[in-house]
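For reference, the structure discussed in these notes is given below.
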Amino acid sequence: MGAFDFLMQGLATAAEPMMLLYALIGVTLGTAVGVLPGIGPALTVALLLPVTYRLDPAGSLIMFAGIYYGGMYGGSTTSILLNTPGESASIITALEGNKMARRGRGGPALATAAIGSFVAGLIATLLLAFLAPSIVQIALKMGPRENFALMVLAFVTVSAALGDSALRGLTSLFLGLALACVGIDQLTGQARLSFGVPELLDGIEVTTMAVAMFAVGEALAIAGTRVQADESVTAVKGSVWMSRKDWARSWKPWLRGTAIGFPIGAMPAGGAEIGTFLSYATEKKLSKHPEEFGNGAIEGVAGPEAANNASAAGTLVPLLTLGLPTSATAAIMLAGFQQFGLQPGPLLFATNPTLVWGLIASLLIANAMLLILNLPLIGLWVKLLTVPKPWLYAGILLFATLGTIGANPSSFELGMLLGFGVLGYVMRLFGYPIAPIVVGLILGPMAEQQLRRALSISQGDWTVLVQSPIAATLLALAALALIVPLILRARGKGQVLTQMAGDED
Amino acid sequence: MSDFRPEPQRRPDWAALVIAVFLALVAGVMLWDSARLADLGGYSGVGPASVPRVVAYCLLGLAGWTALAAFRGDFPEREPQNPSPILWIVAGLAAQLMLLHIAGFSIATGILFAFTARAFGKRNLAMTLPIGIVFAFAVWVIFAKLLMLHLPPGPLEHLFFPGG
Numbered sequence: 001m002g003a004f005d006f007l008m009q010g011l012a013t014a015a016e017p018m019m020l021l022y023a024l025i026g027v028t029l030g031t032a033v034g035v036l037p038g039i040g041p042a043l044t045v046a047l048l049l050p051v052t053y054r055l056d057p058a059g060s061l062i063m064f065a066g067i068y069y070g071g072m073y074g075g076s077t078t079s080i081l082l083n084t085p086g087e088s089a090s091i092i093t094a095l096e097g098n099k100m101a102r103r104g105r106g107g108p109a110l111a112t113a114a115i116g117s118f119v120a121g122l123i124a125t126l127l128l129a130f131l132a133p134s135i136v137q138i139a140l141k142m143g144p145r146e147n148f149a150l151m152v153l154a155f156v157t158v159s160a161a162l163g164d165s166a167l168r169g170l171t172s173l174f175l176g177l178a179l180a181c182v183g184i185d186q187l188t189g190q191a192r193l194s195f196g197v198p199e200l201l202d203g204i205e206v207t208t209m210a211v212a213m214f215a216v217g218e219a220l221a222i223a224g225t226r227v228q229a230d231e232s233v234t235a236v237k238g239s240v241w242m243s244r245k246d247w248a249r250s251w252k253p254w255l256r257g258t259a260i261g262f263p264i265g266a267m268p269a270g271g272a273e274i275g276t277f278l279s280y281a282t283e284k285k286l287s288k289h290p291e292e293f294g295n296g297a298i299e300g301v302a303g304p305e306a307a308n309n310a311s312a313a314g315t316l317v318p319l320l321t322l323g324l325p326t327s328a329t330a331a332i333m334l335a336g337f338q339q340f341g342l343q344p345g346p347l348l349f350a351t352n353p354t355l356v357w358g359l360i361a362s363l364l365i366a367n368a369m370l371l372i373l374n375l376p377l378i379g380l381w382v383k384l385l386t387v388p389k390p391w392l393y394a395g396i397l398l399f400a401t402l403g404t405i406g407a408n409p410s411s412f413e414l415g416m417l418l419g420f421g422v423l424g425y426v427m428r429l430f431g432y433p434i435a436p437i438v439v440g441l442i443l444g445p446m447a448e449q450q451l452r453r454a455l456s457i458s459q460g461d462w463t464v465l466v467q468s469p470i471a472a473t474l475l476a477l478a479a480l481a482l483i484v485p486l487i488l489r490a491r492g493k494g495q496v497l498t499q500m501a502g503d504e505d
Numbered sequence: 001m002s003d004f005r006p007e008p009q010r011r012p013d014w015a016a017l018v019i020a021v022f023l024a025l026v027a028g029v030m031l032w033d034s035a036r037l038a039d040l041g042g043y044s045g046v047g048p049a050s051v052p053r054v055v056a057y058c059l060l061g062l063a064g065w066t067a068l069a070a071f072r073g074d075f076p077e078r079e080p081q082n083p084s085p086i087l088w089i090v091a092g093l094a095a096q097l098m099l100l101h102i103a104g105f106s107i108a109t110g111i112l113f114a115f116t117a118r119a120f121g122k123r124n125l126a127m128t129l130p131i132g133i134v135f136a137f138a139v140w141v142i143f144a145k146l147l148m149l150h151l152p153p154g155p156l157e158h159l160f161f162p163g164g
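Sequence order for the protein chains is A and B.
Under the UniProt record's numbering, think of the first position of the first sequence as 1, with each following residue one higher.
Under the UniProt record's numbering, think of the first position of the second sequence as 1, with each following residue one higher.
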């Protein structure tokens with residue numbers, strides 16, 4: 001069977017009423033958290049992990065994917081109306097979108113963002129469906145050493161390649177790897193770094209860590225900030241619909257944004273932000289109205305919004321085919337799969353095709369739902385922006401601790417939540433990126449296992465790691481990704497990398 | 001955002017030095033812990049202690065790099081912080097974890113709710129505390145009774161659901 005048949009089967013699964021309900025809950029929640037500044041899809045999925053423990057795996061995963069897509073849609077609303085990005089991939093949208101809203105063109109800005117997201121989501125999800133089987137074919141040929149090399153590449157790109165400092169990125173990553181060592185060793189059963197504390201034998205719970213970093217750390221950081229940003233919501237005036245001229249100026253940026261965003265999301269480079277920056281730069285260069293950039297050019301909203309949705313779909317390519325998360329949200333989704341005893345990767349396509357293809361097909365449905373949720377119902381989401389901060393953050397912390405208590409009602413777990421929350425706050429304060437520590441904790445044990453397997457097969461011969469062409473290429477790429485940015489920064493060209501800094505989502 | 005640009009720092013960045021010491025401490029603990037593991041390398045020569053050791057040496061290197069950056073003042077400027085809201089939130093979380101099994105989910109979480117609201121500017125605890133407890137109780141009913149999540153009950157929960 002080809003990808004098309006599988007996709008049709010998947011659509012049949014995804015169109016079941018219960019699955020539609022899960023998708024609807026997912027996209028609604030996703031849009032809500034995307035709209036609310038300060039909480040993103042990564043946190044939301046982490047909060048929901050313990051709650052969905054007893055629910056249907058396929059439905060829960062469909063819901064998580066809906067949250068991811070919805071977050072990308074909702075973030076643009078906040079950027080356009082509030083000038084505060086709702087999530088990190090919408091920073092660029094705030095540049096042009098908010099200017100448009102202030103000039104009374106908020107409606108068309110929201111429309112081009114939503115329709116662009118839809119077009120990009122549709123194309124990128126189809127690309128995901130048709131690319132996945134071929135990548136699975138390659139992935140099936142990969143052994144432990146290739147997997148190890150791939151993870152090394154992911155470690156480097158997530159931590160050192162982007163952001164303003166390789167030092168802080170690597171420190172965050174190695175703290176994650178150190179935490180990953182806690183617990184019983186998978187191959188020999190010896191307890192490591194658990195200091196006789198029974199709660200530590202199972203290792204550090206990914207959800208506790210993620211919730212602490214994203215919810216508690218973020219709440220502390222926002223509470224501690226003295227300078228409060230300008231937070232007036234610009235009202236949407238006039239028609240939401242785009243004029244013929246708006247359409248004419250939008251459709252090319254949508255397609256270009258998709259073309260830029262999808263591969264960037266699919267590469268182990270972390271985050272949807274990079275694609276939006278590249279798309280913005282491209283549109284600025286190609287635009288017939290360069291003078292409008294900075295004052296509300298519609299291309300500057302259309303392109304980056306398409307790019308961030310396309311990269312969300314792109315992120316799912318390595319996650320589903322290789323089991324490799326390339327963004328914080330994908331990392332938490334991986335934890336979601338593991339919670340149900342599923343390991344994403346080539347084998348899942350063989351052992352559980354209904355689930356994988358149902359998930360992919362549900363993205364098409366979620367995308368259509370989101371267009372409806374975000375255009376006609378936009379007024380509802382704008383109201384959400386008027387929730388006062390004290391209630392919002394009190395609620396966020398309530399649900400953050402609810403998730404942790406629900407998973408493991410012990411004071412020790414809550415203590416870890418508090419400890420990691422303070423760590424997350426300190427890291428934010430000193431400019432350490434958060435994604436590497438989460439990715440390190442999740443991928444660390446997998447990378448260690450693959451390395452030790454590869455070396456067991458070779459009877460301790462380290463050169464085996466570079467003897468396969470795929471592994472050697474991946475390791476060489478990882479070395480380049482580590483060294484090139486270091487040289488760029490040393491030469492004072494680090495500005496571009498700083499701007500691309502990925503934080504969450 | 002702000003107009004003033006601070007003078008470049010001449011003296012070492014003490015906070016960054018503390019981070020360097022912290023990283024070195026973590027590395028030290030990992031080395032100490034890995035030393036007592038029986039290193040069953042087997043065929044691979046890589047046992048349970050190997051990866052923690054490598055990570056520890058990398059952390060030591062990063063600690064040195066951080067110290068260097070601290071002396072050169074390479075760390076970015078930090079925004080001025082208000083300590084009191086942060087302490088309120090930390091106190092709320094600490095109160096919740098200590099009271100969870102004594103007072104039950106609703107009361108413990110209600111305190112967290114009220115303290116967090118206070119950190120963000122709702123200062124009247126006499127108002128926020130009852131709101132928090134009622135809200136937390138509603139959440140407890142939904143998640144513990146409908147979604148079967150195990151959330152520790154306390155006197156308040158037993159009052160409304162004597163059997164549970």
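We put the beta carbon where it would ideally sit given N, CA and C, even for glycine.
is_contact[residue i, chain A] using C-beta, thresh 8 Å
i: residue 158 of chain B; result: no
i: residue 48 of chain B; result: yes
i: residue 64 of chain B; result: no
i: residue 124 of chain B; result: no
i: residue 134 of chain B; result: no
i: residue 78 of chain B; result: yes
i: residue 141 of chain B; result: no
i: residue 102 of chain B; result: no
i: residue 89 of chain B; result: yes
i: residue 71 of chain B; result: no
i: residue 17 of chain B; result: no
For residue i, three-class secondary structure by DSSP
i: residue 419 of chain A; result: helix
i: residue 264 of chain A; result: helix
i: residue 92 of chain A; result: helix
i: residue 81 of chain B; result: strand
i: residue 4 of chain B; result: Confidence in residue 4 of chain B is poor, its pLDDT being 43 and thus under 50, which makes the residue's placement too unreliable to answer from.
i: residue 326 of chain A; result: coil
i: residue 335 of chain A; result: helix
i: residue 428 of chain A; result: helix
i: residue 184 of chain A; result: strand
i: residue 144 of chain B; result: helix
i: residue 54 of chain A; result: helix
Residue i and residue j closer than 8 Å at C-beta
i: residue 101 of chain A; j: residue 109 of chain A; result: yes
i: residue 105 of chain B; j: residue 151 of chain B; result: yes
i: residue 346 of chain A; j: residue 337 of chain A; result: no
i: residue 423 of chain A; j: residue 206 of chain A; result: no
i: residue 72 of chain A; j: residue 309 of chain A; result: yes
i: residue 187 of chain A; j: residue 194 of chain A; result: no
i: residue 211 of chain A; j: residue 400 of chain A; result: yes
i: residue 51 of chain A; j: residue 406 of chain A; result: yes
i: residue 62 of chain A; j: residue 14 of chain A; result: yes
i: residue 125 of chain B; j: residue 114 of chain B; result: yes
i: residue 439 of chain A; j: residue 158 of chain A; result: yes
For residue i, the nearest candidate out of the options (CA to CA)
i: residue 96 of chain B; options: A:441, A:20, A:413, A:133; result: A:413
i: residue 20 of chain A; options: A:158, A:64, A:470, A:279; result: A:64
i: residue 114 of chain A; options: A:403, A:286, A:281, A:301; result: A:301
i: residue 153 of chain B; options: B:100, B:71, B:113; result: B:100
i: residue 30 of chain A; options: A:312, A:134, A:445; result: A:312
i: residue 90 of chain B; options: B:20, B:79, B:33, B:117; result: B:117
i: residue 17 of chain B; options: B:162, B:67, B:139, B:98; result: B:67
Within-8 Å CB hit, residue i to chain B
i: residue 405 of chain A; result: yes
i: residue 183 of chain A; result: no
i: residue 389 of chain A; result: yes
i: residue 37 of chain A; result: no
i: residue 430 of chain A; result: yes
i: residue 489 of chain A; result: no
i: residue 17 of chain A; result: no
Limits of the alpha helix (DSSP H) - the one that residue i falls within
i: residue 461 of chain A; result: It is not in any alpha helix (DSSP H) - residue 461 of chain A carries neither H nor E in the DSSP assignment.
i: residue 143 of chain A; result: Premise fails: residue 143 of chain A is in no alpha helix (DSSP H) and is neither H nor E.
i: residue 72 of chain B; result: 50–72
i: residue 383 of chain A; result: 378–384
i: residue 452 of chain A; result: 435–457
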